[in-house]
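Residue numbers (the working numbering): 11 to 257.
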């Protein structure tokens with residue numbers, strides 16, 4: 011699912027773009043839309059969109075001023091504007107695309123496809139970099155890249171990871187938490203080789219050495235050392251239980 015947001019001071023433009031996106035695919039979710047760029051910062055922080063469709067000419071604070079609040083822009087930007095004089099600035103800001111209103115359906119589809127290709131490429135690069143890190147014999151350590159910088163942690167100290175679309179919440183044994191802009195699949199590919207971690211269902215990857223108990227059920231529940239209850243999918247139940255010696 012691609013999480014998108016629309017920031018435009020004209021409500022009818024938001025309505026039209028929502029309709030166009032809905033016609034493209036079921037895999038696009040407009041997580042918020044707003045006619046005020048001054049409220050958009052908090053909304054982006056809350057919903058963490060992958061793509062922001064951003065108008066430029068807006069009262070109080072234009073689209074470029076909105077982006078200037080970020081040291082590093084945490085989403086891809088597609089400008090939607092009736093004015094073409096901002097194209098050079100958009101290129102300098104490394105915008106994903108620049109669409110003139112009224113937005114053409116084919117150009118919109120091309121912009122979304124451009125994002126998909128970029129995301130797939132980024133995913134492959136992330137996996138490659140993590141494997142390179144592992145191949146340098148630092149097999150007990152992983153570098154977690156956050157907005158604040160790199161945090162080097164011992165893999166065995168990771169208690170569990172929770173996937174949230176393109177992000178992963180990492181919880182450590184000591185209670186520390188990190189938000190990483192990588193998918194859970196990236197970590198699964200790296201960490202499940204040594205039988206320390208197990209994907210219990212689509213949203214959770216757990217450290218098998220941090221399990222406190224298992225509660226029987228259809229799939230059942232796993233209780234971690236911090237008392238976190240994590241559901242075990244029915245499809246993974248048999249494989250999970252086979253990992254342990256029962257007495």
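Even for Gly, the Cβ is constructed at its ideal location relative to N, Cα and C.
What three-state label does DSSP hand residue i in the structure shown?
| i | result |
| --- | --- |
| residue 217 | strand |
| residue 230 | coil |
| residue 22 | helix |
| residue 95 | coil |
| residue 12 | strand |
| residue 83 | coil |
| residue 67 | coil |
| residue 39 | strand |
| residue 158 | coil |
| residue 169 | strand |
| residue 56 | helix |
| residue 252 | helix |
| residue 187 | strand |
Measure the C-alpha to C-alpha separation of residue i and residue j and round it to an integer number of angstroms.
| i | j | result |
| --- | --- | --- |
| residue 169 | residue 180 | 8 angstroms |
| residue 165 | residue 153 | 9 angstroms |
| residue 30 | residue 115 | 7 angstroms |
| residue 109 | residue 94 | 9 angstroms |
| residue 241 | residue 195 | 18 angstroms |
| residue 39 | residue 15 | 8 angstroms |
| residue 221 | residue 122 | 41 angstroms |
| residue 65 | residue 249 | 50 angstroms |
| residue 247 | residue 197 | 21 angstroms |
| residue 130 | residue 176 | 11 angstroms |
| residue 159 | residue 80 | 15 angstroms |
| residue 53 | residue 174 | 17 angstroms |
| residue 212 | residue 46 | 35 angstroms |
| residue 215 | residue 111 | 43 angstroms |
| residue 62 | residue 178 | 20 angstroms |
| residue 227 | residue 172 | 21 angstroms |
| residue 210 | residue 107 | 38 angstroms |
If I measure Cβ to Cβ from residue i and keep anything under 7 angstroms in the same chain, skipping five residues before and after, which residues do I get?
| i | result |
| --- | --- |
| residue 156 | 188, 189 and 190 |
| residue 48 | 70 and 71 |
| residue 117 | 109 |
| residue 67 | 91 and 93 |
| residue 119 | 34 |
Using the beta-carbon count (16 or more within 10 Å), is residue i buried or exposed?
| i | result |
| --- | --- |
| residue 18 | buried |
| residue 91 | buried |
| residue 192 | buried |
| residue 244 | exposed |
| residue 162 | exposed |
| residue 11 | exposed |
| residue 208 | buried |
| residue 184 | exposed |
Closer than 6 angstroms to a non-hydrogen atom of the ligand NAD - does that hold for the CB of residue i?
| i | result |
| --- | --- |
| residue 105 | The model on display carries no ligand, and the ligand NAD is accordingly not part of it. |
Report all residues from its chain with a CB closer than 6 angstroms to the CB of residue i; omit the five preceding and five following residues, and keep chain order.
| i | result |
| --- | --- |
| residue 105 | 87 and 89 |
| residue 43 | 16 and 24 |
Looking only at its own chain, which residues have a Cβ that is under 8 angstroms from the Cβ of residue i, when we skip the five neighbours before and after it?
| i | result |
| --- | --- |
| residue 231 | 224, 225, 239, 240, 241 and 242 |
Open item on the list: Check whether the segment 55-69 and the segment 85-94 are in contact - that is, three or more C-beta pairs closer than 8 angstroms.
Closed with: yes
Task: Contact between the segment 186-203 and the segment 233-240 (3+ Cβ pairs under 8 angstroms) - done: no
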